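Novice:
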Amino acid sequence: MRAFLSLILIVGMTACQTTPDTTVPTPPADRTGGAATPAPDPRFAAASDEFVDAMLATQPEWAIYQGWYENAGELTVPDAAYFQSRREFYRRWQRRFDAFSPESLPADQRTDLVLIENEIESSLWQLNTFRPWDWMPSVYNVAGPIGLILNTDFAPEDERLRLVSNRLKDVPAYYAAARENLDTPTLEHTDLAIAQNSGALDLLGQGLSDRIAASGLSAEEKSLFTRRLGNAQSVITDWIDWLTATRDRLEAEGSARSFRIGEALYQEKFRYDIQSSYTARELYERALAEKEKLHQRMDQITRDRWSAYFPDTPMPRDRLERVGMLIDHLSARHVDREDFIAEIRNQVPRLADFVRENDLLDQDPTRPLVIRETPLYMRGGGAGASVSSPGPFNPEANTYYNVTPLDDYTAEEAESYLREYNHWILQILNIHEAIPGHYTQLLHANKSPSLIKSLFGNGAMVEGWAVYAERMMLEQGWGNDEPEMWLMYGKWNLRVVCNAILDYAVHVKGMTQDEAMHLLTEEAFQERTEATNKWRRVRLSQVQLTSYFAGYAEIYDFREQRKARLGDDFDLKRFHNEFLSYGSAPVSVIRELMVSK
Ligand code: ZN
Ligand code: ZN
Numbered sequence: 003m004r005a006f007l008s009l010i011l012i013v014g015m016t017a018c019q020t021t022p023d024t025t026v027p028t029p030p031a032d033r034t035g036g037a038a039t040p041a042p043d044p045r046f047a048a049a050s051d052e053f054v055d056a057m058l059a060t061q062p063e064w065a066i067y068q069g070w071y072e073n074a075g076e077l078t079v080p081d082a083a084y085f086q087s088r089r090e091f092y093r094r095w096q097r098r099f100d101a102f103s104p105e106s107l108p109a110d111q112r113t114d115l116v117l118i119e120n121e122i123e124s125s126l127w128q129l130n131t132f133r134p135w136d137w138m139p140s141v142y143n144v145a146g147p148i149g150l151i152l153n154t155d156f157a158p159e160d161e162r163l164r165l166v167s168n169r170l171k172d173v174p175a176y177y178a179a180a181r182e183n184l185d186t187p188t189l190e191h192t193d194l195a196i197a198q199n200s201g202a203l204d205l206l207g208q209g210l211s212d213r214i215a216a217s218g219l220s221a222e223e224k225s226l227f228t229r230r231l232g233n234a235q236s237v238i239t240d241w242i243d244w245l246t247a248t249r250d251r252l253e254a255e256g257s258a259r260s261f262r263i264g265e266a267l268y269q270e271k272f273r274y275d276i277q278s279s280y281t282a283r284e285l286y287e288r289a290l291a292e293k294e295k296l297h298q299r300m301d302q303i304t305r306d307r308w309s310a311y312f313p314d315t316p317m318p319r320d321r322l323e324r325v326g327m328l329i330d331h332l333s334a335r336h337v338d339r340e341d342f343i344a345e346i347r348n349q350v351p352r353l354a355d356f357v358r359e360n361d362l363l364d365q366d367p368t369r370p371l372v373i374r375e376t377p378l379y380m381r382g383g384g385a386g387a388s389v390s391s392p393g394p395f396n397p398e399a400n401t402y403y404n405v406t407p408l409d410d411y412t413a414e415e416a417e418s419y420l421r422e423y424n425h426w427i428l429q430i431l432n433i434h435e436a437i438p439g440h441y442t443q444l445l446h447a448n449k450s451p452s453l454i455k456s457l458f459g460n461g462a463m464v465e466g467w468a469v470y471a472e473r474m475m476l477e478q479g480w481g482n483d484e485p486e487m488w489l490m491y492g493k494w495n496l497r498v499v500c501n502a503i504l505d506y507a508v509h510v511k512g513m514t515q516d517e518a519m520h521l522l523t524e525e526a527f528q529e530r531t532e533a534t535n536k537w538r539r540v541r542l543s544q545v546q547l548t549s550y551f552a553g554y555a556e557i558y559d560f561r562e563q564r565k566a567r568l569g570d571d572f573d574l575k576r577f578h579n580e581f582l583s584y585g586s587a588p589v590s591v592i593r594e595l596m597v598s599k
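Going by this note's numbering, the sequence shown opens with residue 3, and the numbers climb by one from there.
1. Tell me, to the nearest whole angstrom, how far the beta carbon of Leu582 is from that of His446; I am working on the premise that it is less than 8 Å.
2. For the beta strand (DSSP E) that contains Asn404, what are its first and last residues?
3. Is the beta carbon of Tyr71 closer than 8 Å to that of Ala157?
4. May I have a chain-ordered list of the alpha helix (DSSP H) segments no shorter than 4 residues that lie completely inside the segment 169 to 237?
5. In or out: His331 buried (at least 16 other Cβ within 10 Å) or exposed?
6. From what residue to what residue does the alpha helix (DSSP H) around Ala82 run?
7. Whose C-alpha, out of Phe102, Ala109, Asn432 and Glu52, is nearest the C-alpha of Tyr584?
8. Which residues end up in the neighbourhood of ligand 2 when you take C-beta atoms closer than 6 Å to any of its heavy atoms?
9. Within the present structure, is the beta-carbon of Glu340 separated from the nearest heavy atom of ligand 1 by less than 7 Å?
10. Considering only heavy atoms of ligand 1, does any lie closer than 7 Å to the CB of Ala413?
11. So, Leu245 versus Pro139, is the Cβ gap smaller than 8 Å?
12. What number of angstroms, rounded off, separates the C-alpha of Asp243 from the C-alpha of Met474?
13. Express the C-alpha separation of Ala518 and Val508 in angstroms, rounding to a whole number.
14. Relative to the C-alpha of Gln544, which residue among Ile263, Gly492 and Arg321 is closest?
15. I need the straight-line Cα distance from Asn143 to Asn199, nearest angstrom please.
16. Can you tell me which residues form a DSSP beta bridge with Ile433?
17. Please go through the same chain and pick out, in chain order, the residues whose beta-carbon is closer than 7 Å to the beta-carbon of Leu371, but skip the five residues on each side of it.
18. Closer than 7 Å between the C-beta and any heavy atom of ligand 1: which residues qualify, listed along the chain?
19. So which of Gly201, Met513 and Thr248 has the shortest CA-CA distance to Leu184?
20. Roughly how many angstroms lie between the CA atoms of Asp43 and Ser278, to the nearest whole one?
21. Can you tell me whether DSSP reads Glu375 as helix, strand or coil?
22. Using only alpha-carbon positions, find the residue among Trp137, Tyr268 and Asp364 that is nearest to Leu444.
23. If distances are taken between C-alpha atoms only, which option among Asp483, Ser450, Glu414 and Tyr491 comes closest to Val469?
24. Within this structure, are the beta carbons of Asn73 and Ala65 separated by less than 8 Å?
25. Starting from the C-beta of Val116, find all residues in its chain whose C-beta is less than 6 Å away, skip the five residues before and the five after it, and write them out in chain order.
26. Taking DSSP as the reference, what is the three-state secondary structure of Ala2?
27. Just the C-alpha distance for Asp505 and Gly386, rounded to the nearest angstrom, thanks.
28. Going by alpha carbons, who is nearest to Arg169 out of Pro318, Glu182 and Leu206?
29. For Phe272, tell me which candidate among Ala555, Leu547, Pro313 and Pro147 has the shortest Cα-Cα distance.
30. Could you pull the start and end residues of the alpha helix (DSSP H) that Tyr470 belongs to?
In structure tokens form, the structure reads like this:
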């Protein structure tokens, strides 16, 4: 309540010149009328709290990724007994939550219930049907949680080192179970496992030995730690050798499992991961249609603007060729490498102003976005931008917009990166990551804090919102409807659209590498390096590449239907505020709740 009051005060003070009182949150008119909202159910609140506690207590690795370190010193050994206990765990909780009917819960609890049920069903499906432990050697790696413990400052150094020492104790049992579980792996996930476990050896190398030596641990603790570390290194080395031999045998025999998961598994994974009202096939067809629409639109712009940029060059007859030429030409307009972060700092407040002046949705100036250079321990995947939100166990912390400076790039690499994030695309990136994309969505989600939604939130909704925000801002006049902006938007959006096409086509329809490269480089105007990376990613993941487009298409289609139905009563700001008020619930569920009001 206090946060709500201060929000009104601050918005009132800073925004009165342009919009006297419209930025003060007003409840939607239809919220007061209609059917009575059920009261919160304390039994449900208790059950979901207990479920979270039980998950954190029994899944130490997952808990570490959520920023909860109580059991961080325990390594889960993935043996048969463990899998059996997980099955029993989820069945037990499934019975408990079956007792609640969604209709008797208010919206925030109802959406929590949907997320919990999906988490349980999805986990049981992973355990019983998808079984990545049988064929994806890359699921076995002890390094991730250890890296987090070593690099996150949640406790004094000595305490964190003791946790690592304790985790290392069971590393031999861990890899013994891995060998026992693996049946027929894919070559791709075997290669990934070899590479990542080599990285694990690096993490457990000299740097860690130096930290142990410099620590305040007792001589006894140090020698125990060093012995465990030595054991872990030799076990991981053996594991890599075993994987390498397995890989060579599978390749020689031609007996590896295919990385393509096929239609049945794809549909099921799509159902659990996306929780969409579209089927996987419907979404694939929707993406194909979207690609064609984008091509047509981009071609129209190219024809209109051709003579302005190429007065002496005849326009190629091939549609994609001429669009590609104009994109290439325009990409030369970009900031200098040393101005990259400064330009982002400059743009973010302008985006906030635009959202306010155009009455697009509520913002919260009391929780500013801190733009910073990406911390060193988070770098490694090359340059990039990301938003890191405070975890659910640390609600007062800042939200950061991490931007990696281009310092480590050669002149040539920097130029290629800056052409990619050129004058127009950099603006779209800021919309996506910051305002009104990820950062704004997060602020709204935090207004009705739900541990369940923070921990089990729907990724397609979160990514879909950021992608939706890009188009919405341009439609509302960001970029002044400049054709060049829409052309670059087309290229940017084609990436999302083609990710979805690629994912389905590769896993379900057997798309070949050549066809994939054609789709990405010719039809989506990607550089060869980018397309090659994407081909690698689509073989290692399933459905994830589809989530961006799935969420986006569902939000956009819902808004258009809503507009058509409400006519003059449709209000964009009210739509956005209400849509975001349900937190990171699946779009299909938010839609159902909004429609039923
Ligand atoms: Zn340049
Ligand atoms: Zn995103």
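Ideal Cβ placement from N, Cα and C applies to all residues, glycine included.
Just so we're clear, the structure is a prediction, and the values are computed from it rather than from any experiment.
Specialist: In short, the structure shows the following:
1. 4 Å
2. Note, Asn404: beta strand (DSSP E), Thr401 to Val405.
3. yes
4. Entirely contained in the segment 169 to 237, the alpha helix (DSSP H) runs reaching 4 residues are, in chain order, 173 to 183, 189 to 205 and 208 to 216.
5. exposed
6. Ala82 to Asp100
7. Ala109
8. His434, His440, Glu465 and Ala468
9. Every heavy atom of ligand 1 is 7 Å or more from the Cβ of Glu340, so no.
10. no
11. yes
12. Approximately 52 Å, taken between the alpha carbons.
13. 8 Å
14. Ile263
15. 6 Å
16. Under DSSP, no beta-bridge partner is assigned to Ile433.
17. Val350, Thr401, Tyr403, Ala436 and Tyr441
18. Ala334, His336, Glu417, Leu420 and Arg421
19. Measuring from the Cα of Leu184, the nearest candidate turns out to be Thr248.
20. Taking the CA atoms as reference points, Asp43 sits about 27 Å from Ser278.
21. strand
22. Asp364
23. Looking at the Cα atoms, Tyr491 is the closest of the given residues.
24. yes
25. Val591
26. The structure shown has nothing for residue 2, since the chain only spans 3 to 599.
27. Our two residues, Asp505 and Gly386, have alpha carbons roughly 23 Å apart in a direct line.
28. Leu206
29. Leu547
30. Gly461 to Glu477
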